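Asker: Pasting in a structure now, in structure tokens, and then I'll have a few things to ask.
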Amino acid sequence: MPTRDRTTRLLLTLTALAHQTLDRERFEVVLVDDAPDPGAVEQVLSALARELPIRTAATGGRGAARARNTGARLARGELLLFLDDDTLATPGLLAAHLAAHERPDAAAVVHGAVTDLSAFALTPEPRPLRAGLTGARGRTIEPGTVADLAAAVPLLGPRRSFIERTARKVTGSPEYAGLRWLSCIGTSTSVRRTVFERVGGFDEHYGELWGGEDLELGLRLAASGATFELLDETAYHLPTARRDTGDLLPRFWRQVADRHGDPRLADVGPFLAGRLSLDELAERLGHPHDALVPGTAAS
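Listed below in structure tokens is the structure:
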């Protein structure tokens with residue numbers, strides 16, 4: 000789990016992991032602090048009420064890809080599950096990911112459903128740490144709420160995001176088979192270490208630029224022959240509205256196109272920003288991973 004300057008959202012995320020049905024001996028949490036100025040993580044860990052097997056590291060502001068790769072290198076398990084620092088796992092989430100990879104016909108990459116709790120989209124990150132978040136119409140979420148998410152969620156504006164709806168479409172329709180890598184979303188996505196390392200992990204070239212280091216990994220995984228699957232088990236995202244999305248997404252994917260030497264990939268940015276339909280993207284891309292070198296991160 001990469002984290003940067005999160006306080007209450009991180010506390011709620013860790014609290015949800017402390018309520019997992021999976022035995023504590025079967026998982027660990029590797030929390031990588033990517034904040035240039037440390038301090039928030041220590042504050043959160045001191046407020047965590049339940050015991051949790053956590054190890055920490057720091058990357059000092061080098062970006063999410065570096066933080067994720069650092070966590071993957073430190074992890075002692077064979078199965079890697081990536082989770083964001085503002086995403087609440089339901090109690091059965093870790094067990095469901097583990098079971099999915101233990102099946103004989105297991106997909107290489109498994110993504111669990113993520114639902115936004117839109118009541119908190121305009122709630123800034125509290126500084127200093129507070130016990131809970133207060134969102135639209137005074138709706139709140141706190142560690143006690145996390146213990147019974149199923150009862151709380153209907154009142155917190157549950158809504159599936161654009162990229163989550165896209166993931167459902169591309170994995171469920173043969174006509175979008177070439178775009179199934181769009182289901183490699185950075186939170187609640189699991190992959191075996193051997194598969195992750197075979198493609199070189201996340202590409203750290205993009206630094207702090209936001210816009211899709213997770214999907215870019217999915218593109219290379221698809222090029223290596225990886226298969227993709229969705230789980231019904233849900234996690235709940237505590238979103239933070241961004242005003243710069245329409246600019247950052249195209250910028251990121253223009254860099255991806257340049258880095259991979261495939262101009263078609265630049266169209267992913269406008270698609271993610273809502274300026275192209277999925278059908279238009281499928282028509283423009285064809286099979287972009289055919290142009291990549293399978294199994295390797297761009298270098």
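Sequence positions in the sequence shown follow numbering that gives the first Met the number 0 and run 0 to 298. Backbone N, C-alpha and C fix where the C-beta goes; we use that ideal spot for every residue, glycine too. Please read these numbers as outputs of a predicted model, since none were measured by experiment.
How about residue 80 and residue 96: are their beta carbons less than 8 Å apart?
Answerer: Their beta carbons are under 8 Å apart, which means residue 80 touches residue 96 by this criterion.
Asker: Residue 83: buried (16+ other C-beta within 10 angstroms of its C-beta) or exposed?
Answerer: Under this definition residue 83 is a buried residue.
Asker: Where are the beta strand (DSSP E) runs, 3 residues long or more, that stay fully inside the region 173-258, in chain order?
Answerer: Those beta strand (DSSP E) runs which fall completely within the region 173-258 and span 3+ residues are 188-191, 227-236.
Asker: Residues in its own chain within less than 7 Å of residue 200 by CB, not counting five upstream and five downstream?
Answerer: Within the same chain, residue 200 has close Cβ partners 68, 71, 296.
Asker: How about residue 124 and residue 33: are their beta carbons less than 8 Å apart?
Answerer: No.
Asker: Where do the N-terminal and C-terminal ends of the beta strand (DSSP E) with residue 55 fall, by residue?
Answerer: Counting along the chain, the beta strand (DSSP E) containing residue 55 begins and ends at 53-57.
Asker: Name the two residues that bound the continuous beta strand (DSSP E) containing residue 112.
Answerer: Unbroken beta strand (DSSP E) run through residue 112: 108-116.
Asker: I'd like to know whether the C-beta atoms of residue 327 and residue 93 end up nearer to each other than 8 Å.
Answerer: Absent from the structure is residue 327, since the part of the chain shown begins at 0 and ends at 298.
Asker: As a quick exercise: from 162, 126, 10, 284, pick the residue whose alpha carbon is nearest that of residue 174.
Answerer: The residue with the shortest Cα to Cα distance from residue 174 is 284.
Asker: With DSSP run on the structure shown, which of helix, strand or coil describes residue 37?
Answerer: Coil, per DSSP.
Asker: How is the beta strand (DSSP E) around residue 154 delimited, first residue to last?
Answerer: No beta strand (DSSP E) holds residue 154; DSSP gives it neither H nor E.
Asker: Identify the continuous alpha helix (DSSP H) that holds residue 278 and give its terminal residues.
Answerer: Looking at the DSSP string, the run of the alpha helix (DSSP H) that includes residue 278 is 277-284.
Asker: At a threshold of 7 Å, does residue 106 count as lining the ligand GTP (C-beta to nearest heavy atom)?
Answerer: For the structure depicted, the ligand GTP is absent and the ligand set is empty, with no information on it obtainable.
Asker: Going by the beta-carbon positions, is the gap between residue 87 and residue 53 smaller than 8 Å?
Answerer: It is not a contact, given that the beta carbons lie outside the stated cut-off.
Asker: Nearest-angstrom Cα distance between residue 249 and residue 181?
Answerer: Each residue's Cα considered, the two are about 16 Å apart.
Asker: Spell out a yes or no on whether the region 228-237 and the region 109-129 are touching, meaning 3 or more CB-CB pairs, one atom from each, closer than 8 Å.
Answerer: Segments in contact, yes.
Asker: With H, G and I counted as helix, E and B as strand and the rest as coil, what does DSSP make of residue 80?
Answerer: Three-state DSSP puts residue 80 in a strand.
Asker: Work out the CA separation of residue 194 and residue 78 for me, nearest whole Å.
Answerer: Roughly 10 Å between the two C-alpha positions.
Asker: Quick one: grab the DSSP three-state call for residue 164.
Answerer: Of the three classes helix, strand and coil, the one that applies to residue 164 here is helix, per DSSP.
Asker: DSSP three-state label for residue 6, please.
Answerer: Coil, per DSSP.
Asker: Cβ atoms of residue 107 and residue 167: under 8 Å apart, would you say?
Answerer: Cβ distance not < 8 Å, so residue 167 and residue 107 don't count as in contact.
Asker: In angstroms, rounded to a whole number, what distance separates the CA positions of residue 203 and residue 211?
Answerer: Spanning the two alpha carbons is a distance of roughly 12 Å.
Asker: Do three or more CB pairs link the region 42-51 to the region 6-20 at distances below 8 Å?
Answerer: Flag = yes, the region 42-51 and the region 6-20 touch.
Asker: Would you say residue 37 and residue 56 are within 8 Å of each other, going by their C-beta atoms?
Answerer: It is not a contact, given that the beta carbons lie outside the stated cut-off.
Asker: Residue 186 and residue 229: beta carbons closer than 8 Å?
Answerer: No, Cβ-Cβ distance for residue 186 and residue 229 is not below 8 Å.
Asker: Counting C-beta neighbours from all protein chains within 10 Å, is the total for residue 130 16 or more, i.e. buried, or is it exposed?
Answerer: By the 10 Å Cβ count, residue 130 comes out exposed.
Asker: Note down the Cα distance separating residue 152 from residue 7, rounded to an integer number of angstroms.
Answerer: Those two C-alpha atoms are separated by around 18 Å.
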